[in-house]
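So the structure is just underneath, and the comments pick up after that.
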Amino acid sequence: MAAPKILVFAGSIRTGSFNARLAALAVKELALADVDVTRISLVDYPLPLYDADLEKASGAPENAVKLKRMFLAHRGIFIASPEYNASVTPLLKNTLDWVSRVREGNEVPLAAYKRRVFALGAASNGSLGGYRSLMALRQILELGCGATVLPEQVAVREAASAFEDDDTLRDERTMRALRTVLERLVETARQLSMTGGER
Ligand SMILES: Cc1cc2nc3c(=O)[nH]c(=O)nc-3n(C[C@H](O)[C@H](O)[C@H](O)COP(=O)(O)O)c2cc1C
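Under the numbering used here, the first residue of the sequence shown is numbered 3, with each subsequent residue one higher.
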């Protein structure tokens, strides 16, 4: 049985992003499990702001198609989501919106979000750790895109001082929460791999 493929990315492209750091830590932890991990940065997939006229004139941009195929090629997806005004970043929302618009061949609508499992994490320098962005992200993925999102999630509070020099998390409970999320992600992705995505 091939190792399940897991995709990891952050909803920030800021230099020194806490969420990129959380994504990197998730990759490090996942590498210890028997999985095939891919980490991407949205900086490599720039997209214009979604515009229905642009879509009508020239279809989805190439990077939206590439990202959609990237989602399809993985059975589990971990997103590290920053919090902007109690929601997700415009970068992440725009990316998810564009991906939701790509439909190739006779695929079902929102194919990139189906037959796979999503797991969520957030990091913020505030006391809630970006928790509210996870509520918003869950709504987008589950209600908007029909995705399966694990109930377990992790929020890294006071992110500026949350990481050790070796990039693990200083707070043991938060580190345990991250490991729990990732274990569930791997377990569910593995089950989905065995059934071809059927639940
Ligand atoms: C427009 C804007 C709104 C923000 N709103 C929130 C917020 O509601 N809650 C919060 O915890 N942090 C908020 N922040 C702070 C971000 O969480 C912080 O910039 C964080 O470092 C972004 O994630 P990153 O480090 O991965 O780039 C906001 C930042 C910006 C630029």
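Don't be surprised by glycine CBs; every beta carbon is placed ideally from N, CA and C.
For clarity, every value in this text was computed on a predicted model and none was experimentally measured.
{"Query": "So which residues put a beta carbon under 5 Å from any heavy atom of ligand 2, going in chain order?", "Result": "This structure lacks ligand 2; the ligands present are ligand 1."}
{"Query": "Using 8 Å for Cβ pairs, my map puts V90 next to L139. What's the rounded Cβ distance?", "Result": "5 Å"}
{"Query": "Would DSSP call E109 helix, strand or coil?", "Result": "coil"}
{"Query": "What are the start and end residues of the alpha helix (DSSP H) that includes T197?", "Result": "174-197"}
{"Query": "Quick check: what's the CA-CA separation for T17 versus R103?", "Result": "29 Å"}
{"Query": "In whole angstroms, give me the CA-to-CA distance for G132 and D173.", "Result": "16 Å"}
{"Query": "Assign E85 to one of two classes, buried (16 or more other C-beta atoms within 10 Å of its C-beta) or exposed (fewer than that).", "Result": "buried"}
{"Query": "With the cut-off set at 7 Å, would you say R186 and E144 are in Cβ contact?", "Result": "no"}
{"Query": "Output the distance between the C-alpha atoms of E166 and R23, rounded to the nearest integer angstrom.", "Result": "11 Å"}
{"Query": "Would you mind stating whether G199 and L94 have Cβ atoms separated by less than 7 Å?", "Result": "no"}
{"Query": "Could you give the C-beta distance for A1 and F20, rounded to a whole number, given that I count them as a contact under 8 Å?", "Result": "As displayed, the chain neither begins before 3 nor continues past 201, which places residue 1 out of reach and without an answer."}
{"Query": "Keeping to the same chain, check which residues put their C-beta closer than 7 Å to that of P111; ignore five residues upstream and five downstream.", "Result": "R105"}
{"Query": "Whole angstroms are fine: how far does the CA of D55 sit from the CA of E31?", "Result": "42 Å"}
{"Query": "On the DSSP bridge assignment, give the partners of R41 in chain order.", "Result": "V10"}
{"Query": "Going by Cα to Cα distance, which pick from P6, I142, R192, L171 is closest to N96?", "Result": "I142"}
{"Query": "Please report the Cβ distance between A114 and L49, rounded to the nearest whole angstrom; I am assuming they are in contact, meaning their Cβ atoms lie under 8 Å.", "Result": "About 14 Å; that fails the 8 Å criterion."}
{"Query": "Can you check which of these residues, R41, R77, D46, S60, is closest to E189 by C-alpha distance?", "Result": "R77"}
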